[in-house]
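Trainee: Chains as they are written, first to last, in the numbering used here: chain A, 1 to 128; chain B, 129 to 256.
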DNA sequence: TGGTATGTTTGACGTGGATCGTACTACAAT
DNA sequence: ATTGTAGTACGATCCACGTCAAACATACCA
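1) Which chain B residues sit within Cβ distance under 7 Å of residue 24(A)?
2) Does residue 224(B) get closer than 7 Å to chain A when you measure Cβ to Cβ?
3) Name the residue from 218(B), 194(B), 199(B) and 187(B) whose alpha carbon lies nearest to the alpha carbon of residue 104(A).
4) Skipping 5 residues on each side, what residues in its chain have a beta carbon closer than 7 Å to that of residue 153(B)?
5) Return no unless some Cβ of chain B is closer than 7 Å to the Cβ of residue 20(A).
6) Spatial neighbours of residue 38(A) within its chain, please: C-beta separation below 8 Å, excluding the five flanking residues on both sides.
7) Quick one: what does DSSP say residue 234(B) is sitting in, helix, strand or coil?
8) For the alpha helix (DSSP H) holding residue 341(B), just list the boundary residues, first then last.
9) Of all Cβ atoms in chain A, is any one closer than 7 Å to the Cβ of residue 232(B)?
10) Give a yes or no on whether 7 Å exceeds the smallest Cβ distance from residue 85(A) to chain B.
11) Is any beta-carbon of chain A found at less than 7 Å from that of residue 187(B)?
12) In this structure, does DSSP put residue 45(A) in helix, strand or coil?
13) Using a Cβ cut-off of 7 Å, which residues of the segment 160–173 of chain B contact any Cβ in chain A, in chain order?
14) According to DSSP, simplified to helix, strand and coil, what is residue 24(A)?
What follows is the structure, given as structure tokens:
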């Protein structure tokens, strides 16, 4: 009993946030890549399967932002957390938005390109 | 003659930027309000007529961001700068995006509501 | 019971960017 | 010319946020 509800993060379901919040959530290149990834595969994606060059803590942070914007749902399955895009809800709130994002050709800034993940932590072009 | 081309800012026309840049440009609440404003009136808007609670220098900054994202065009007319949304180009690049933004109900965060700004500089709108 | 795998949380850090005020430029009207 | 108006440029400040490492939590397996 540490005051933490273990399910709180699992099922945060609320309405999709307002357009400003949604845009802000999607404006980050990492999160945009995540959303596009989620939108392309209609199967849930487990946290470690996102191909983004950030550490797992940063990834978790981004998932939180998306979750709090009402864009994704997560459920635990064993030790995994499966993430799905709330496509229907988003489409209802902002028709065509996800479609636009998925269709748009995306050129990652080179600072964001994926490289080999050596063992456990993701690798960016290291700043030094 | 400081090396500045006085027309450079007037006609920077290039292609609409990539989706990440566009989203980032629109994600700011002030700029979102500006874009919505531009999208609603199909007449050009002069700089001082935006109903946003920032000083003119900040406003100029936001216009630059939008311009560099390829979202707006500006032309000088006398002492004014008339700004238009590049609707056709944006629609061609990201169909439905502007439509979505305009349609979305927007609740401004209270921090963004119009109010008196200290001193001379608040961008205020002529009542008609 | 311990060990491993998967995520979350927390704290710290650095940077980008939103903001302002001031100074400057360009045009118009007096 | 002088004044006023409209906007840009620049420098400074401040804070939000993206990032990481480390510690913690939870589930599964040996």
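Cβ atoms here follow ideal geometry from the backbone N, Cα and C, with glycine treated the same way.
Mentor: Taking the definition as stated:
1) Here the neighbours are 155.
2) Taking Cβ atoms only, chain A reaches closer than 7 Å to residue 224(B), which makes this a yes.
3) 218(B)
4) 159, 193, 194, 197 and 199
5) yes
6) 45, 72, 83, 84 and 85
7) coil
8) Since the displayed chain B opens at 129 and closes at 256, residue 341(B) lies outside it and no answer follows.
9) Chain A contact via Cβ: present.
10) no
11) no
12) strand
13) 160
14) helix
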